[in-house]
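The numbering of the sequence shown is UniProt numbering, which starts it at 1 and goes up by one.
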Amino acid sequence: MSKVAKCMLSDGTEYVPSREGIPARSIAPSAVARWLTRAILFLALVYFLFPVYWVIVASTKTNSQLVSTNGLWFDDFNLLKNHETLMVWTRGMFWRWVLNSLLYSTVAGVVGTLISVMAGYATAKFNFPGKGITMGVIMSGLLMPAALLTIPLYIIFHHIGITNTMWAIIIPACVSPFGVFLGRVYAQTSVPTELIEAARIDGASEARIFFTMVLRLLAPAMVTIFLFIFVGTWNNFLLPLMMVTADEIKPVTLGLYGMMSYFAPEKGAVMLGALLGVLPLIVLFLALQKYWQSGLAAGSVKG
Numbered sequence: 001m002s003k004v005a006k007c008m009l010s011d012g013t014e015y016v017p018s019r020e021g022i023p024a025r026s027i028a029p030s031a032v033a034r035w036l037t038r039a040i041l042f043l044a045l046v047y048f049l050f051p052v053y054w055v056i057v058a059s060t061k062t063n064s065q066l067v068s069t070n071g072l073w074f075d076d077f078n079l080l081k082n083h084e085t086l087m088v089w090t091r092g093m094f095w096r097w098v099l100n101s102l103l104y105s106t107v108a109g110v111v112g113t114l115i116s117v118m119a120g121y122a123t124a125k126f127n128f129p130g131k132g133i134t135m136g137v138i139m140s141g142l143l144m145p146a147a148l149l150t151i152p153l154y155i156i157f158h159h160i161g162i163t164n165t166m167w168a169i170i171i172p173a174c175v176s177p178f179g180v181f182l183g184r185v186y187a188q189t190s191v192p193t194e195l196i197e198a199a200r201i202d203g204a205s206e207a208r209i210f211f212t213m214v215l216r217l218l219a220p221a222m223v224t225i226f227l228f229i230f231v232g233t234w235n236n237f238l239l240p241l242m243m244v245t246a247d248e249i250k251p252v253t254l255g256l257y258g259m260m261s262y263f264a265p266e267k268g269a270v271m272l273g274a275l276l277g278v279l280p281l282i283v284l285f286l287a288l289q290k291y292w293q294s295g296l297a298a299g300s301v302k303g
């Protein structure tokens with residue numbers, strides 16, 4: 001074990017610096033603070049995981065079991081029956097809806113992330129007339145509710161003839177003011193201006209600089225932006241409700257809403273559909289967790 005330098009404080013106590021990530025005794029939190037922090041984190045964990053647990057339990061029950069048995073524990077396991085009911089009630093379209101949501105979210109996430117980092121990089125590293133006004137318009141987009149834009153978007157798309165098509169969902173989802181804001185912050189803190197100037201001196205074009213250098217530096221941030229756009233597109237409900245009527249191109253959120261419009265829906269089958277519909281998001285977050293966490297911290301410290 002490596003030796004740690006020691007020194008004496010003015011009051012005669014020995015001071016040992018931080019070692020192996022352990023805070024020094026003078027700045028370490030007290031035992032009460034540590035236990036209080038753990039208790040709060042545990043309550044937060046229960047708060048976020050309890051709805052998922054309840055959906056898992058409810059997806060194995062019938063309508064009668066939902067009201068006559070313990071709501072927090074399993075009864076007769078009717079998962080396969082609920083799956084058959086889900087397929088019947090959706091006329092075999094459920095997995096098609098899941099694939100539609102996956103297509104919309106993936107395309108919007110990839111295109112929207114590229115647009116966001118391109119716009120963020122341009123506003124961070126270039127000076128052009130109207131730059132302040134441009135940033136003001138982008139920031140105002142953060143304050144505008146998405147529902148407020150749905151009807152104007154429907155009118156525009158109806159006049160150009162793309163309502164009830166996949167493009168009516170994909171095109172609005174590719175525009176993310178929040179993604180542009182994050183891209184600008186990360187470009188300011190993670191892309192050295194000196195590196196760009198050196199590449200220009202060597203004769204590299206702006207496109208080559210962006211696609212071969214800037215994108216690599218912004219890769220962790222791009223994962224964060226992609227996840228925000230992907231989840232926002234997957235959970236979008238009002239826009240598909242206004243734009244889409246054909247069953248073949250509905251996302252899973254709109255399809256499950258159609259199931260609930262029946263007079264006496266099988267709620268266990270609906271809960272199973274909701275559980276299966278959220279599984280791709282869980283898998284995506286777990287797969288990209290490392291990159292997402294590094295992306296969240298990418299613009300926090302200027303180096």
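All C-beta atoms, glycine included, are put in the ideal place defined by N, C-alpha and C. All of these numbers come straight from a predicted model, not from anything done at the bench.
State buried or exposed for M144, treating a residue as buried only when at least 16 other CB atoms are found within 10 Å of its CB.
exposed
Kindly confirm or deny that the region 228 to 244 and the region 148 to 155 touch, where touching means at least three C-beta pairs closer than 8 Å.
yes
Measure the alpha-carbon distance for residue 304 versus S116 and round it to whole angstroms.
Outside the shown range of the chain, which is 1 to 303, sits residue 304, and nothing can be said about it.
Only counting the same chain, and skipping five residues up and downstream in sequence, which positions put a Cβ closer than 7 Å to that of C174?
A108, V111, G112, I115
What residue ranges within the region 119 to 186 form continuous alpha helix (DSSP H) runs of no fewer than 4 residues, ordered along the chain?
131 to 143, 146 to 160, 167 to 173
Relative to the C-alpha of V71, which residue among D247, W54, L80, N82 is closest?
Note that residue 71 is Gly in the sequence shown, not Val. Among D247, W54, L80, N82, the Cα nearest to that of G71 is on W54.
Check this for me: beta carbons of Y121 and V214, under 8 Å apart or not?
yes
Contact set for Q188: own chain, Cβ-Cβ below 7 Å, skip 5 residues either direction
A124
Using the Cα positions of M271 and L239, report the straight-line distance between them to the nearest angstrom.
M271 and L239: Cα-Cα distance of roughly 23 Å.
Leaving out five residues before and five after A269 in sequence, what residues of the same chain have Cβ atoms less than 6 Å from its Cβ?
N82, T85, L86
Helix, strand or coil: how does DSSP classify W73 here?
Here W73 sits in coil by DSSP.
Alpha helix (DSSP H) segment containing M260, residue limits
252 to 260
Give me, in chain order, the residues of the same chain whose beta-carbon lies closer than 8 Å to that of L149; leave out the 5 immediate sequence neighbours on both sides.
P172
Using the C-alpha atoms, what's the distance from R34 back to L284?
32 Å
Are at least three pairs of beta-carbons, each pair with one atom in the region 134 to 142 and one in the region 176 to 193, less than 8 Å apart?
yes
Range covered by the alpha helix (DSSP H) that runs through K267
267 to 287
So, V191 versus L217, is the Cβ gap smaller than 8 Å?
Cβ distance < 8 Å, so V191 and L217 count as in contact.
Quick one: measure Cβ to Cβ for W234 and S101, integer angstroms, because I've assumed they're closer than 8 Å.
5 Å
Round the Cβ separation of L254 and F237 to the nearest angstrom and send it over; I've been treating them as touching at under 8 Å.
7 Å
In its own chain, which residues sit with a C-beta less than 8 Å from the C-beta of P265, not counting the 5 before and 5 after it?
For P265, where only same-chain residues beyond five positions count, the Cβ hits under 8 Å are W89, M259.
Do F94 and G203 count as a contact pair if the criterion is CB distance below 8 Å?
no
Among V278, V46, Q289, which one has its Cα closest to the Cα of V223?
Q289
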